[in-house]
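Q: One line per chain: the protein sequences are A and B, in this order. So for the first sequence, my numbering puts the first residue at 1; every next one is plus one. So for the second sequence, my numbering puts the first residue at 1; every next one is plus one. Don't be surprised by glycine CBs; every beta carbon is placed ideally from N, CA and C.
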Amino acid sequence: MNKVMTMHKAISRFVTAGDTLFLSGMQHGEPAAAVHEIVRQKIDRLTLVSVLVATANLLIGEGLVDRVLTGYTNQDERSYAVVKARDAGRLPVFEEYSHFGISLVLLAGQMGIPFIPTRSEIGSDMPKYNKNITSVKCPFTGEYLGAVRAVNPDVGIIHVQRCDAEGNAQKWGTMGVDVEGINASKKVIVTTEKIVDADVIRRDPNRTIIPSFRVSAVVEQPFGAHPMHLAGCYSGDMWGYYFDTGPKENYESYVKELVYGLKDWDEHLKRKAEIKPPGYFENFRINAVESDPIITGY
Amino acid sequence: MIIRNDENDKYTAAAQMVVAGAHQIRPDDVVYVGLGLPFLSALLAKYTHAPECTIIIENGIVRTTGFELPRATDTLGVQFMSDQLTGLFYVSSLGQAGHITTGFIGAGQVDRYGNVNDTCVGDYYRPSHRWAGSGGANDVMSFCRRTITMLRQSQRRFPGKVDFITCPGYIDGTLGSREKAGLLPGTGPAMVITDLACYTFENGEMVVKSVNSSVGATLEKVKEEVGWDIKVAADLTDTTPPTDEEIRVLRERVDPRRIWVGGKRTPIGKD
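Right under this line is the structure:
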């Protein structure tokens, strides 16, 4: 089934207020365009699960998030988004894990089991303040291990290099918690630099990280991970983004000029090109290096 | 600033930290590093005494070749021509299964027993100071055979007991406290490296092992900046200073773009 649709439609149809939302892209290829669309549509009361997703600050700052499952988030005045949320009475509850802990709650979700044991987080004070981390006795050896509770996000969003119209999605480069997070999610939105013919996918099927039957929507969105980099496509401007949304004045001007005032991501990119110095996007061009193709056939 | 541009003043305390970190990397080590000084230590070791070492980065990068020093943990330059690109679950599992020999972490605070606090000072719900949290640091300290903590030293950052244990060291300092918590035997903090000194652990307690006298530190100053009456190792020595060759490699190979070396860290730019 062809699942290609606009970003507006994919987000309005599959992301609902009150959802637990997984965002892929741990400092690599995050679904930035999709995040901006969620903000534009003001879908709120979200529980957010992500690791080092830069644009997630917009969701917090705009008061759309009730709870964050996190290993690392600025929670004080160094983040204007947090200050803004707090001042509006919309500061989320932070449920803190280690990074491995986050990958494990998602892995357990992907596996369809209620919890998973671990040797991380035990011996720390995290379990005292997070009821979803505890310890468990091994039924075979009698030893004690940590345990984290599974999470199955209502919806997961991933940005990839290529995907076919049915939703077979391929990403490469560093994977962060993408594989566990997207496979743990009940509904899946794939945003992609390019929609390719199904044969392109099937000539290198090991690269598929989620199969089409698990995918609800496919959105073609070039530069969909900007300001982050995406392997094989473009480099990024993470520090520039932190500056653009760091201080109060910058943040407020960013959401006004580059989120709310616009119809979609193509307009965002066009507007940003106007605001930034000439050649801003051209600078993200990479020197492409091709690998040898894998051989299949019979 | 790692190395001043003034030729009469060849290196700073931060360069001494980087070199002390590099000296902890053995030729056959599998090293887990995070952003900042540990990246420089790992690259310096790779370009000098440990060319065969494996470097692991938490986003899912496994490398045995050098790379362009990045301004962020994951960049296309750090990904480029890796031996393996995978995810956080995979590389952390390498640690949990005992395959990572040496881990490097930064820290908000470190206490007498090597416990690291990256969470909060004061009450958890009403902290007087907040850091961003564990990131991968708890995992590194939990899994690696030897974990090396690098931070700038002050009495505030060296309390006798941290208010929040983000990464368990030797917990309450009693024998077997890590194992009792469920952590594997033969893991835990091995060294703390600061701008003033290097510390090791004896019976679960931090001791001064060497003083960074090459950059002007003294034992008196070291003790002043520790929040408890710290013991001194019987074989206390001076920290091995950087050689001219190490400084040259830092300047020319590790950081030729001068992100850290020879000036302020310059975060804005293409990565």
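In the DSSP assignment, what residue or residues form a beta bridge with A:Phe115?
A: What you label residue 115 of chain A is simply residue 115 of the first sequence in a count that begins at 1. A:Phe115 is bridged to A:Arg149.
Q: Run down chain A in chain order and give the residues with a C-beta less than 7 Å from the C-beta of B:Asn59.
A: One-based indexing of the second sequence puts residue 59 of chain B at position 59. Result: Met26, Gln27, His28, Thr174 and Gly176.
Q: Assign B:Arg251 to one of three DSSP states: helix, strand, or coil.
A: One-based indexing of the second sequence puts residue 251 of chain B at position 251. Here B:Arg251 sits in helix by DSSP.
Q: In the structure shown, what three-state DSSP assignment does B:Asp235 receive?
A: Position 235 of the second sequence, counted from the first residue, corresponds to residue 235 of chain B. B:Asp235: strand per DSSP, three-state reduction.
Q: Of all Cβ atoms in chain A, is any one closer than 8 Å to the Cβ of B:Asp111?
A: Position 111 of the second sequence holds residue 111 of chain B. No, B:Asp111 lies away from the interface with chain A (no Cβ there is under 8 Å from its Cβ).
Q: Compare the beta carbon distance of A:Lys186 and A:Asp178 with 8 Å and say whether it is the shorter of the two.
A: As a first step, residue 186 of chain A is located in the first sequence; it is residue number 186 there, counting from the start. As a first step, residue 178 of chain A is located in the first sequence; it is residue number 178 there, counting from the start. It is not a contact, given that the beta carbons lie outside the stated cut-off.
Q: Listing by chain order, which chain A residues have their CB less than 8 Å from the CB of B:Gly272?
A: Examination of residue 272 of chain B is not possible in this model, given that chain B is present from 1 through 271 alone.
Q: Hey, out of B:Phe201, B:Pro159, B:Ile61 and B:Glu245, whose CA is closest to B:Asp111's CA?
A: By one-based count along the second sequence, residue 111 of chain B stands at place 111. Comparing Cα-Cα distances from B:Asp111 to each of B:Phe201, B:Pro159, B:Ile61 and B:Glu245, the minimum goes to B:Pro159.
Q: For B:Val208 versus B:Thr149, is the C-beta spacing smaller than 8 Å?
A: Locating residue 208 of chain B in the second sequence gives position 208, counting from the first residue. Locating residue 149 of chain B in the second sequence gives position 149, counting from the first residue. It is not a contact, given that the beta carbons lie outside the stated cut-off.
Q: Within its chain, find whatever has a CB closer than 7 Å to the CB of B:Pro38; leave out the 5 residues flanking it on each side and keep chain order.
A: By 1-based counting over the second sequence, the position of residue 38 of chain B is 38. So the qualifying residues of the chain are Gly21, Phe104 and Met150.
Q: Nearest to A:Gly297 by alpha carbon, out of A:Val219, A:Lys276 and A:Asp199?
A: Your numbering for residue 297 of chain A matches position 297 in the first sequence. Nearest option by C-alpha distance: A:Asp199.
Q: Tell me A:Val93's beta-bridge partners as DSSP assigns them.
A: Against the first sequence, residue 93 of chain A aligns to sequence position 93. A:Val93 is bridged to A:Arg67.
Q: Restricting to Cα atoms, I'd like to know which of A:Leu269, A:Lys3, A:Tyr97 and A:Asn206 is closest to A:Val148.
A: Reading the first sequence from its first residue, position 148 is the one you call residue 148 of chain A. Among A:Leu269, A:Lys3, A:Tyr97 and A:Asn206, the Cα nearest to that of A:Val148 belongs to A:Tyr97.
Q: To the nearest angstrom, how far is it from the Cα of A:Lys270 to the Cα of A:Ala33?
A: Position 270 of the first sequence holds residue 270 of chain A. Position 33 of the first sequence holds residue 33 of chain A. About 13 Å.
Q: Interface residues of chain A around B:Pro168 at Cβ under 7 Å?
A: Here residue 168 of chain B is taken as the residue at index 168 of the second sequence, counted from 1. Result: Gly123 and Ser124.
Q: To the nearest angstrom, report how far apart B:Glu52 and A:Gly224 are at their CA atoms.
A: Here residue 52 of chain B refers to the residue found at position 52 of the second sequence. Here residue 224 of chain A refers to the residue found at position 224 of the first sequence. Approximately 38 Å, taken between the alpha carbons.
Q: Taking its Cβ as the centre, do 16 or more other Cβ atoms sit within 10 Å of B:Arg130, making it buried, or is it exposed?
A: Along the second sequence, read from residue 1 onward, the residue named residue 130 of chain B stands at position 130. It is buried - the Cβ of B:Arg130 has at least 16 other Cβ atoms within 10 Å.
Q: Excluding the five sequence neighbours on either side, which residues of its own chain have a C-beta within less than 7 Å of the C-beta of A:Glu180, listed in chain order?
A: Here residue 180 of chain A is taken as the residue at index 180 of the first sequence, counted from 1. Ser103, Leu106, Leu107 and Gln110.
Q: Return the bridge partner residues of A:Ser103 from the DSSP annotation.
A: Position 103 of the first sequence, counted from the first residue, corresponds to residue 103 of chain A. Partner(s): none; A:Ser103 has no beta bridge.
Q: Quick one, are the C-beta atoms of B:Phe143 and B:Gln109 less than 8 Å apart?
A: Within the second sequence, numbered from 1, the residue matching residue 143 of chain B stands at position 143. Within the second sequence, numbered from 1, the residue matching residue 109 of chain B stands at position 109. In this structure, B:Gln109 does not lie closer than 8 Å to B:Phe143 by Cβ.
Q: Taking a cut of 7 Å between CB atoms, which residues from the segment 75-106 of chain A lie near chain B?
A: Cβ contacts with chain B come from Gln75, Asp76, Glu96, Ser98, His99, Phe100 and Ser103.
Q: Quick check on DSSP: helix, strand or coil for A:Met1?
A: In the first sequence, counting from the first residue as 1, residue 1 of chain A sits at position 1. DSSP places A:Met1 in coil when its eight states are reduced to three.
Q: Could you name each continuous beta strand (DSSP E) segment of 3 residues or more that falls completely within the segment 107-139 of chain B, going from the start of the chain to the end?
A: The qualifying runs are 120-122 and 127-130.
Q: For A:Glu166, which of helix, strand or coil comes out of DSSP?
A: Mapped onto the first sequence, residue 166 of chain A falls at position 166. Note: A:Glu166 maps to coil in three-state DSSP.
Q: Please go through the same chain and pick out, in chain order, the residues whose beta-carbon is closer than 8 Å to the beta-carbon of A:Ile122, but skip the five residues on each side of it.
A: Against the first sequence, residue 122 of chain A aligns to sequence position 122. Contacts found: Ser135, Tyr144, Leu145 and Gly146.
Q: Check each residue of the segment 218-242 of chain A: if its Cβ is closer than 7 Å to any Cβ of chain B, include it; give the result in chain order.
A: Listed by position, the residues of the segment 218-242 of chain A near chain B (Cβ gap below 7 Å) are His229, Ala231, Ser235, Gly236, Met238, Trp239 and Gly240.
Q: Where does the unbroken beta strand (DSSP E) through B:Gly103 begin, and where does it stop?
A: Working through the second sequence from its first residue, we reach residue 103 of chain B at position 103. Taken as a continuous stretch (DSSP letters only), the beta strand (DSSP E) holding B:Gly103 covers Thr102 to Ile105.
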